[in-house]
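Before any comments, here is the structure.
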Amino acid sequence: MRYFDPHIHVTSRTTDDLERMAAAGVRAIIEPAFWVGQPRTSVGTFVDYFSSLLGWERFRASQFGVAHYCAIGLNSKEANNEPLAREVLELLPRFALKEGVVAIGEIGFDEITAAEERAYARQVEFARAHDMVVMVHSPHRDKKRGIVRSLEVARSIGFPMQKLVIDHNNEETIDDVLAAGAWAAFTIYPHTKMGSERMVELVKKYGPERLIVDSSADWGVSDPLSVPKTARLMLERGIDARAVELVTWQNALDAYAQSGQIDVEALLVEPAVDQTRLYADNSVLRGQAPRIDAGVPN
Ligand SMILES: [Zn+2]
36 MRYFDPHIHV TSRTTDDLER MAAAGVRAII EPAFWVGQPR TSVGTFVDYF
86 SSLLGWERFR ASQFGVAHYC AIGLNSKEAN NEPLAREVLE LLPRFALKEG
136 VVAIGEIGFD EITAAEERAY ARQVEFARAH DMVVMVHSPH RDKKRGIVRS
186 LEVARSIGFP MQKLVIDHNN EETIDDVLAA GAWAAFTIYP HTKMGSERMV
236 ELVKKYGPER LIVDSSADWG VSDPLSVPKT ARLMLERGID ARAVELVTWQ
286 NALDAYAQSG QIDVEALLVE PAVDQTRLYA DNSVLRGQAP RIDAGVPN
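With the first letter of the sequence shown counted as 1, position 273 gets the number 308 in the working numbering; the numbers rise by one all the way through.
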């Protein structure tokens, strides 16, 4: 089977991870802009970060046969530094409309502050004006309240619910998200939060429509193989293959292909890797023999 992991911070993962993901069938990923573990102190670091998501990281994933898309946005944590937040929001038009950007994200609430809401609302307005998809991060604490508020703000702006993906859901939030008409994504972390076992039960209870599984793997304890592992468990537990395909591939594709930035036909073709390629004169190799697959265009 092939898988789409529509939320992974692959810049913090190694090439070993990319190789393992590709071998496990992860064909496409979305890397949303987020914070980097500590607060940034100047807008220039956002410029370079957004540029790397669009440039080097896209190239690096391609060198292992993984199609890389990204989402651009100001994350909720750093929205609370309002002078910096204003400068970052000014950058949105410069980066969010580039090739390979499938959404504004991940944006939303962390501590559910007024500053977070202002940044979220402004970015949802930008997305509506440019007919974009929005990927919403939900808070770890007070998750339900954060999600309900994200839905309310988007609705008050007139944002179309079929272009809204609410992420990091659990059993307490799924009803609100599905009732609103948005997509409900679930992050599968090892040993905690939403585990694969709980995801199996949710798919059994709700069916696969508008449910999406992702890893949100980053520099913390997380698993870049969460999507294929959860798919395997679903099959073992008797969920039919079509439903598994929906929650681990097709739904994410349908949601984010609304951006017009995903060549769906090309994704269905077996990837052909050419590791002799360079990005700004840089290679992912360190003296190894390059992999050059049959079918690589000259
Ligand atoms: Zn994330």
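We put the CB at the ideal spot given by N, CA and C, even for glycine.
Quick check on the burial criterion: 16 or more other C-beta atoms within 10 angstroms. Buried or exposed for residue i?
i, result
"residue 76", "exposed"
"residue 100", "buried"
"residue 53", "buried"
"residue 227", "exposed"
"residue 174", "buried"
"residue 299", "exposed"
"residue 273", "exposed"
Within 7 angstroms: the Cβ of residue i and any heavy atom of ligand 1?
i, result
"residue 111", "no"
"residue 146", "no"
"residue 165", "no"
"residue 194", "no"
"residue 130", "no"
"residue 12", "Because the chain here runs from 36 to 333, residue 12 falls outside it and cannot be looked at."
"residue 172", "yes"
"residue 69", "yes"
"residue 251", "yes"
"residue 151", "no"
"residue 187", "no"
"residue 44", "yes"
"residue 141", "yes"
Would a C-beta distance cut-off of 8 angstroms place residue i and residue j closer than the cut-off?
i, j, result
"residue 103", "residue 143", "no"
"residue 137", "residue 262", "no"
"residue 57", "residue 260", "no"
"residue 265", "residue 223", "yes"
"residue 278", "residue 238", "yes"
Contact check, residue i vs residue j under 8 angstroms by CB: the rounded distance?
i, j, result
"residue 41", "residue 297", "Residue 41 to residue 297, Cβ: 11 angstroms. No contact."
"residue 219", "residue 209", "5 angstroms"
"residue 170", "residue 67", "5 angstroms"
"residue 163", "residue 192", "6 angstroms"
"residue 39", "residue 288", "6 angstroms"
"residue 140", "residue 106", "4 angstroms"
Could I get the ranges of all uninterrupted alpha helix (DSSP H) runs contained in the segment 179-222, with 4 residues as the minimum, in chain order? 209-215
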